[in-house]
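Its first residue numbered 12, the sequence shown is counted upward by one per residue in our numbering. First the structure, in the form of structure tokens, and then the observations on it.
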Amino acid sequence: MRKKTIWIDITILKINSNCGMAAFTQTYIKILKNNYNIKYFSNPFYKNKFLGSKLYFIWLNTYFYLQTLLLKPDIIIYPCYIMPYFTRRNTKNYVVFHDLMPYRENFFGEKCKKSYLFKLNIAKEKSTKIITVSNTVKKQLIKEFNLPENRIGITYNCVNDVIKHSKEDSNILNKLNLKSNNYIFSLAGSFKHKNIQELIAAINNIKEDIKLVVAGYKGHLQYSDSEISNKKIIYAGYITTEEIIALYKNAKFFVLPSLEEGFGIPIIEAQYFKCPVLCSDIPVFREIAGNGAEFCIPNSNGIAAKLEYLINNGQRRQELISLGKENVKRFSIEKIARQLSDVLEN
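This is the structure:
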């Protein structure tokens, strides 16, 4: 029996191999490579910060489109929102919308919102199916854009093989002057929806002598001098996978106070590395974290109350470790492979 041919866009692996969309793409590749002939393609203009996306869209609708007519792939997967308008009739096209954050003007601005709507309208008209990463986002797409339920498939994220098979780099503790079990870890960056400033306010409102380590890209928010000089708060910035593992394993607990997400990969990563989780009480985190997390109202007072509760309740932290260990089993690569097979073949 002939193996079907799948083409998959791997541009994100060249731009940022450590982000959630890259982990998602790597998981898809691992699942698909045994049952399909895979061909990789990417944006040849990705290094052009100003025109790269526009040139890519033109390229997809010209050179790439002609290639599909010539080589006749069975399936094409676009893991990062964007697909061409012109598509080969007998090729199935699947485009992934991980969340609605680019559409939220208060998070990313009007320009990003217009770009999101442009991409979504093409996907609505031209894709075989839109894929997303949680039932929460599926419901949002149905409610906010009137998408038919049968046009949306779900494949969850999982703990990526890269982080599973990497060794921890404990030198990060010395580098940041940390002691095991004496800090709280947040891997969130400073995008507005990550809500880090409310977390910073919360850590300043509690009396306990404990540090907060914030890791991730921090270019989108301006920190005050008092925040930067605050000895309670350590801004780790970009750190390696090996350093992330060490920070998960040695933290008193992990906190993710987001206002909105599409999934929340750090939650299941923390659970995998036996780190208790505190996260916002938002629908997608209820779906993903299950009963393996403590939930908080995502404002400074709500976060502070749960910080104090978990800092002073070792029994609850141990309980969360056990519950998290069970919860993360829901996101095995085998289960995601079945989800993906259902989406592609049905």
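Note that CB positions come from ideal geometry on N, CA and C, so glycine has one too. Just so it is clear, the structure is predicted and the values come from calculations on it, not from any experiment.
(message) Quick check on the DSSP output: the beta strand (DSSP E) that includes D20 runs from which residue to which?
(response) Position 9 of the sequence shown, counted from the start, is the residue given in the question as residue 20. Taken as a continuous stretch (DSSP letters only), the beta strand (DSSP E) holding D20 covers T16 to D20.
(request) Mind checking who L253 pairs with in its DSSP beta bridge? (result) In the sequence shown, counting from the first residue as 1, residue 253 sits at position 242. Checking the sequence, you will find Glu at residue 253 rather than Leu. Beta-bridge partners assigned by DSSP to E253: none are found.
(request) Going by CA-CA distance only, name the one from Y67, H204, V170 and G248 that's closest to P277. (result) The count along the sequence shown starts at 1 and reaches residue 277 at position 266. Checked all of Y67, H204, V170 and G248; the closest Cα to P277 is V170.
(request) Can you give me the Cβ contacts of A281 inside the same chain, cut-off strictly under 6 Å, excluding the 5 residues immediately before and after it? (result) On the sequence shown, position 270 is the one that residue 281 refers to. Closer than 6 Å at Cβ, skipping near neighbours: Y259, F265 and V288.
(message) Suppose only complete runs of 4+ residues qualify. What are the alpha helix (DSSP H) ranges in the region 69-124, listed by chain order?
(response) Those alpha helix (DSSP H) runs which fall completely within the region 69-124 and span 4+ residues are 76-82 and 116-119.
(request) With a floor of 3 residues, list each beta strand (DSSP E) that falls wholly inside the region 267-306, ordered by position along the chain. (result) Considered as a whole, the region 267-306 harbours 288-291 as its complete beta strand (DSSP E) runs of no fewer than 3 residues, in chain order.
(message) Output needed for Y47: all residues of its chain with C-beta closer than 7 Å, excluding positions within five of it in sequence on either side, in chain order.
(response) Working through the sequence shown from its first residue, we reach residue 47 at position 36. Closer than 7 Å at the Cβ level, and outside the excluded window around Y47, lie K14, K15, T16 and I17.
(request) Can you tell me which of the three DSSP states Y259 falls into? (result) Reading the sequence shown from its first residue, position 248 is the one you call residue 259. Residue state, collapsed to three classes: helix.
(message) Buried or exposed for K83, going by 16 or more other Cβ atoms inside 10 Å?
(response) Here residue 83 refers to the residue found at position 72 when the sequence shown is read from its first residue. Exposed: under 16 other Cβ atoms inside 10 Å.
(request) Output the distance between the C-alpha atoms of I163 and D353, rounded to the nearest integer angstrom. (result) Looking up residue 163 in the sequence shown gives position 152. Looking up residue 353 in the sequence shown gives position 342. Answer to the nearest angstrom: the Cα atoms are 12 Å apart.
(request) Measure the Cβ-Cβ separation of C290 and F306 and say whether it is below 8 Å. (result) Reading the sequence shown from its first residue, position 279 is the one you call residue 290. Reading the sequence shown from its first residue, position 295 is the one you call residue 306. Contact flag set, yes.
(message) On the criterion of 16 or more Cβ atoms from any shown chain inside 10 Å, does N188 qualify as buried, or is it exposed?
(response) Residue numbering aside, residue 188 sits at position 177 when the sequence shown is read from its first letter. Counting of Cβ neighbours within 10 angstroms places N188 among the exposed residues, the total staying below 16.
(request) Would you tell me roughly how many angstroms separate the C-alpha atoms of K243 and K222, rounded to the nearest one? (result) What you label residue 243 is simply residue 232 of the sequence shown in a count that begins at 1. What you label residue 222 is simply residue 211 of the sequence shown in a count that begins at 1. For K243 and K222, the distance between alpha carbons rounds to 5 Å.
(message) Assess contact between the region 165-179 and the region 201-215, defined as three or more Cβ pairs (one per stretch) separated by less than 8 Å. Is contact present?
(response) No, because fewer than three Cβ pairs between the region 165-179 and the region 201-215 fall closer than 8 Å, the two stretches do not touch.
(request) Would you give the residue range spanned by the alpha helix (DSSP H) that F35 belongs to? (result) Taking the first residue of the sequence shown as position 1, residue 35 is located at position 24. In the DSSP assignment, F35 falls within the unbroken alpha helix (DSSP H) covering G31 to L43.
(request) Flag this pair as yes or no: are the beta carbons of D20 and I86 separated by less than 8 Å? (result) The count along the sequence shown starts at 1 and reaches residue 20 at position 9. The count along the sequence shown starts at 1 and reaches residue 86 at position 75. Not closer than 8 Å, so no.
(message) I'd like to confirm the pairing. Which residues does DSSP put opposite F265 in its beta bridges?
(response) As a first step, residue 265 must be located in the sequence shown, where it is residue number 254. Per DSSP, F196 and V288.
(message) My output table needs one value for F52: the three-state DSSP class, helix, strand or coil.
(response) The sequence position of residue 52 within the sequence shown is 41, counting from 1. Here F52 sits in strand by DSSP.
(request) Measure the beta-carbon distance from S126 to I299 and round it to whole angstroms, keeping in mind my assumption that it falls under 8 Å. (result) Taking the first residue of the sequence shown as position 1, residue 126 is located at position 115. Taking the first residue of the sequence shown as position 1, residue 299 is located at position 288. Here S126 is actually not in contact with I299; their C-beta atoms are around 26 Å apart, not less than 8 Å.
(request) Please classify I221: does DSSP put it in a helix, a strand, or coil? (result) Locating residue 221 in the sequence shown gives position 210, counting from the first residue. I221 falls in the coil class under three-state DSSP.
(message) Quick check on this structure: which residue in K58, F61, L158 and K122 has the alpha carbon closest to the alpha carbon of I141?
(response) In the sequence shown, the residue the question calls residue 141 occupies position 130. Ranking the options by Cα distance to I141, first place goes to L158.
(request) List the endpoints of the continuous beta strand (DSSP E) containing G248. (result) Start at 1 with the first residue of the sequence shown, and residue 248 comes out as number 237. Taken as a continuous stretch (DSSP letters only), the beta strand (DSSP E) holding G248 covers I244 to G248.
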